[in-house]
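Here the structure comes first, spelled out in structure tokens, and everything after it is commentary.
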Amino acid sequence: MDALDGVAAPTIVVGAGPAGLTAAYELAKRGRPVLCLEADSIVGGIARTVEYRGFRFDIGGHRFFTKYERVENLWREVLGDELLTRPRLSRIYYRGRFFFYPIRPFNALAGLGLWESFLIGTSYLKAQLRPHNPEESFEDWVSNRFGYRLYQHFFKTYTEKVWGIPCSDIRAEWAAQRIKGLSLISTVMNALFKSRGLQVKSLIEEFQYPRLGPGQMYER
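The sequence shown begins at 11 in our numbering and counts up one residue at a time.
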């Protein structure tokens, strides 16, 4: 309480990104005075949506997916019918071709060719026989599960382009959270047995997405 006028001092939240705005929103719902501070003129942090010449752009891909009902209920509470359900379609443009992500074996085989696919398989077997131990970096973690050659083709350039630092400088723990439960074998098994209902849990088929982009959630 403010000793001068008896008014409760506000809780200060630094940063109007997803975490900061959620904290401020929950405090406000409980009747607590709150002040959220943001240095940028746009809220949402790296999950914001930027408008340019009548178009809306995401800063990277931000899907809304959770296994927790409480979190999804919060999204629905904020956006209502503006939170749409969309099928997942992720592709990487590489060497003049589109490759599905997560990788689909037959699509990769057609795009890379038999010889390169053979080298990828050999690289994966080598990684199983002589894995990086301990796993210290993103490079180590991905190479152990997909082989070094496939890591170079699909993971290295994309990750370094998005984050701006070498994969060897990104911690393995971060990779374990971002690519949880996936390996070359699990990806192949998912492609072969998907029709039988044996789908890898990490390979979601659909997700929630605000009608006007992720920034719409935080602009509310």
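C-beta: ideal position from N, C-alpha, C; glycine also.
Candidates the options, of which the one nearest residue i by Cα
i      : options                        : result
His142 : Ile130, Arg155, Ala186         : Arg155
Glu149 : Glu48, Val88, Trp184           : Trp184
Met227 : Lys39, Thr95, Val88            : Val88
Val53  : Pro43, Ile69, Pro144           : Ile69
Ile113 : Ser133, Gln218, Ile195, Gly225 : Ile195
Leu139 : Tyr158, Ser51, Leu94           : Tyr158
Leu222 : Ser51, Thr59, Arg42            : Thr59
Trp173 : Gly71, Glu215, Ile130          : Gly71
Residues bridged to residue i [DSSP beta-bridge criterion]
i      : result
Glu216 : Pro97
Glu61  : Arg66
Ile180 : Answer is none; Ile180 lacks a bridge partner.
Thr32  : Partner(s): none; Thr32 has no beta bridge.
Residue i, buried or exposed, once every other Cβ within 10 Å from all chains shown has been counted against 16
i      : result
Val81  : exposed
Leu208 : Note on Leu208: pLDDT 47, under 50, position unreliable in the model; no value is reported.
Ser100 : exposed
Ile175 : exposed
Gln51  : It should be noted that the sequence gives Ser, not Gln, for residue 51. Under this definition Ser51 is an exposed residue.
Phe67  : exposed
Close Cβ partners of residue i (< 6 Å) along its chain, the five nearest in sequence each way excluded
i      : result
Arg188 : none
Pro28  : Ala57
Gly55  : Gly27
Close beta carbons around residue i, own chain, < 7 Å, minus the five adjacent residues each side
i     : result
Cys46 : Val23, Ala26, Gly30, Leu31, Ala34
Cutoff 8 Å; reference residue i; Cβ partners in own chain excluding five residues on either side
i      : result
Arg230 : Val88, Leu89
> Taking contact to mean at least 3 C-beta pairs separated by less than 8 Å, is the stretch 157-164 in contact with the stretch 103-111?
Replying inline: With a cut-off of 8 Å, the stretch 103-111 and the stretch 157-164 count as touching, because enough Cβ pairs lie within range.
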